[in-house]
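Enquirer:
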Amino acid sequence: MTSNDVDGGFAEFRTGWKVVMAAFAGLMFGAPTLASYSIGLLAPELVKEFGWSFSFVLSGLMVVVVAFLPLAPLVGVAVDRYGPRRIGSIALVTFGLSYMGLALSTGSQLQYWLTWVLIALSGVGATAVTFTRAIAGTFAARRGLALGIALSGTGFCVIFLKLTGQPLIDAFGWRTTVVMFGALPILIAMPLVLLGTPRTIVGASSLTRNAGERHQSDEGLRLGQILRGRTFWILVLAFVPVAFGGAAFPNLENIFRHAKVPHELIPVITALIGASMIIGRIFGGYIIDQIWAPLVAFVVVVLSMIGCLLLSLPVMQPWQAATAAILLGLSAGVEIDLLAFLVVRYLGLRNYGVIYGLLFGLFMIVAGGGPTLMGYAYDQTGSYSTILWWTGWGILLLGSSVLLLGRYPEQRPPSPVAAK
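Positions -12 to 407 (the working numbering) are the ones given, in order, by the sequence shown.
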């Protein structure tokens, strides 16, 4: 009986905790998190100063995700070849500097879009494509929990931004606040990624070679087999619609204002998203190690649907707003964990980077384009109710397809793999 058998796989954390810490920091201040959850705070300031529409300001996210779709799989290939340490640390620095460029906005819409193009190009390596590869290659028995802890960094970022963003803007102005936010990936995340991520991560390595379930770097289906098979397309069908539910996040402050939620409660309620994200990531990560993960994914689909339907109410009581925020936070907290976990369990590690990169790119297209579409709906109708109502039911209809994944494929016998 191995040490991992005795303690249920938690021995992995004794040697792998630095990898989790590094991934946590990279995901907390990575490109999708910082850009997506700060734009809602900055949007009213940009609208006020430059006279832009709300949908145009949020279109910056669309620029990012359009670039992410072709680039994320390429980054996945690079991560598989060069390792997450090198790719992640470089991307965090370039992303932070590019994000600071928003502070130089002059009112030119072309300049604003070009800044977001630069953010996308420089930040595509500072995403879950990079940092979940480090976790997937280091952990096996407790892979879900390790992913959940690392990905909870996004929840902590949301809490930080929602509670500090407006006070910083009020005290120093939005331009200085942008520079402060842009410094976080460089001064905090990048050093921790360098310190905590091994130079080489091959597979579920010597850190975990005694656990019952093991993967080599060459285990799993070939790329052509994956793209011709049903599993990949079920993942696309199930997860891409759920991503659209997250499109409410950058619009949330505006949704609550127009639903007559008391102004003083809005920062507290929106911060609940971050807290529930953290709970969802860690608890969800633990649960998917214990039970059939597609069932957990279906629960996430239902939570996301209910959250969207609550947000569609034209007038919300504070408890309804808080419930919607918590449900969407829990859903967002588990979905990326699940996506990474399901890719490894059903498709293997052989082409993890490129497959997860492709799925993540599609996910980000919807997650980034959704806020722009919701902002456009608001600009045209003065309400978010209709689009949120349809979003909720669409998520349930398409997201339920995750139950078609079936049983986990058989795992191959363990084989020792070294990692440095």
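Built from N, CA and C at the ideal position, the CB exists for glycine as well.
1) Taking just the CA atoms, how far does T373 sit from R196?
2) With 16 other CB atoms within 10 Å as the buried threshold, where does G302 fall?
3) Counting only runs of 4+ residues fully inside the region 263 to 318, write out the alpha helix (DSSP H) ranges in chain order.
4) Any contact of the region 42 to 54 with the region 144 to 162, i.e. 3+ C-beta pairs under 8 angstroms?
5) Could you give the DSSP three-state label for V70: helix, strand or coil?
6) Take A381 and list the residues in its own chain whose beta-carbon comes closer than 7 angstroms to its own, dropping the five residues that flank it on each side.
7) Return the Cβ separation of V180 and L79 in integer angstroms, given the expectation that the two are a contact with Cβ distance under 8 angstroms.
8) Label T409 either buried or exposed according to how many other C-beta atoms from any shown protein chain fall within 10 Å of its C-beta, with 16 as the threshold for buried.
9) With a Cβ-Cβ cutoff of 8 angstroms, do P71 and R120 count as a contact?
10) On the premise that A22 lies in contact with T86, defined as a C-beta separation below 8 angstroms, what is that separation, rounded to the nearest angstrom?
11) Are S109 and T359 closer than 8 angstroms when you measure CB to CB?
12) Within 10 angstroms of its Cβ, does R394 collect 16 or more other Cβ (buried), or is it exposed?
13) Smallest Cα separation from G3: which of G124, L45 and P249?
14) Would you say V248 and I256 are within 8 angstroms of each other, going by their C-beta atoms?
15) Mapping the DSSP letters down to three states, classify G320 as helix, strand or coil.
16) Check this for me: beta carbons of A54 and V104, under 8 angstroms apart or not?
17) With distances taken between CB atoms, is the gap from A137 to F11 smaller than 8 angstroms?
18) Please list, in chain order, all residues of the same chain as L296 whose beta carbon is under 6 angstroms from its beta carbon, the five residues on each side excluded.
19) Relative to the alpha-carbon of G27, which residue among M361, L224, T114 and G348 has its alpha-carbon at the smallest distance?
20) Is it buried or exposed for E251, if we count other Cβ within 10 angstroms and need 16 for buried?
21) By Cβ distance, which residues of its chain are closer than 8 angstroms to A59, with the 5 residues on each side in sequence left out?
Expert: With the structure as the only source:
1) Position 209 of the sequence shown holds residue 196. Position 386 of the sequence shown holds residue 373. In this predicted model, R196 has a pLDDT of only 42, less than 50, meaning its place in the structure is not dependable; the value taken from the coordinates is given anyway. So the alpha carbons of these two residues sit roughly 52 angstroms apart.
2) As a position in the sequence shown, residue 302 is number 315, starting the count at 1. Residue identity check: residue 302 is Val in the sequence provided, not Gly. By the neighbour-count rule (16 or more Cβ atoms within 10 Å), V302 is not buried but exposed.
3) 280 to 298
4) no
5) Within the sequence shown, residue 70 is the residue found at index 83, counting from 1. For the sequence presented, residue 70 should be read as Gly rather than Val. Three-state result, G70: coil.
6) What you label residue 381 is simply residue 394 of the sequence shown in a count that begins at 1. Here residue 381 is Gly; the residue named in the question, Ala, does not match the sequence. Closer than 7 angstroms at Cβ, skipping near neighbours: P228.
7) The residue given as residue 180 occupies position 193 in the sequence shown. The residue given as residue 79 occupies position 92 in the sequence shown. The pair is a contact, with the Cβ atoms about 7 angstroms apart (cut-off 8 angstroms).
8) With the chain covering -12 to 407 only, the question about residue 409 has no answer from this structure.
9) As a first step, residue 71 must be located in the sequence shown, where it is residue number 84. As a first step, residue 120 must be located in the sequence shown, where it is residue number 133. Cβ atoms of P71 and R120: closer than 8 angstroms.
10) Looking up residue 86 in the sequence shown gives position 99. Looking up residue 22 in the sequence shown gives position 35. Residue identity check: residue 86 is Tyr in the sequence provided, not Thr. Going by Cβ atoms, the distance from Y86 to A22 rounds to 7 angstroms, so yes, they are a contact pair.
11) For the purposes of this step, residue 109 is taken as the residue at position 122 of the sequence shown. For the purposes of this step, residue 359 is taken as the residue at position 372 of the sequence shown. Contact flag unset, no.
12) In the sequence shown, counting from the first residue as 1, residue 394 sits at position 407. Exposed.
13) On the sequence shown, position 16 is the one that residue 3 refers to. The shortest Cα separation from G3 among G124, L45 and P249 belongs to G124.
14) To locate residue 248, count along the sequence shown from 1; it is residue 261. To locate residue 256, count along the sequence shown from 1; it is residue 269. Yes; because the gap between Cβ atoms is below 8 angstroms, this pair is in contact.
15) Position 333 of the sequence shown, counted from the start, is the residue given in the question as residue 320. It is helical.
16) Position 67 of the sequence shown, counting from 1, holds the residue named residue 54. Position 117 of the sequence shown, counting from 1, holds the residue named residue 104. Going by C-beta atoms, A54 is nearer than 8 angstroms to V104.
17) By one-based count along the sequence shown, residue 137 stands at place 150. By one-based count along the sequence shown, residue 11 stands at place 24. Yes, the pair counts as a contact, with Cβ atoms nearer than the cut-off.
18) Along the sequence shown, read from residue 1 onward, the residue named residue 296 stands at position 309. Cβ neighbours of L296 beyond the five flanking positions: G379.
19) For the purposes of this step, residue 27 is taken as the residue at position 40 of the sequence shown. Selected option, being the one with the closest Cα: M361.
20) For the purposes of this step, residue 251 is taken as residue 264 along the sequence shown, with counting starting at 1. E251 is exposed by the Cβ-count criterion.
21) Here the question's residue 59 lines up with position 72 in the sequence shown. So the list reads V111, T114, V116, G344, L345, F347, G348 and M351, once near-sequence residues are dropped.
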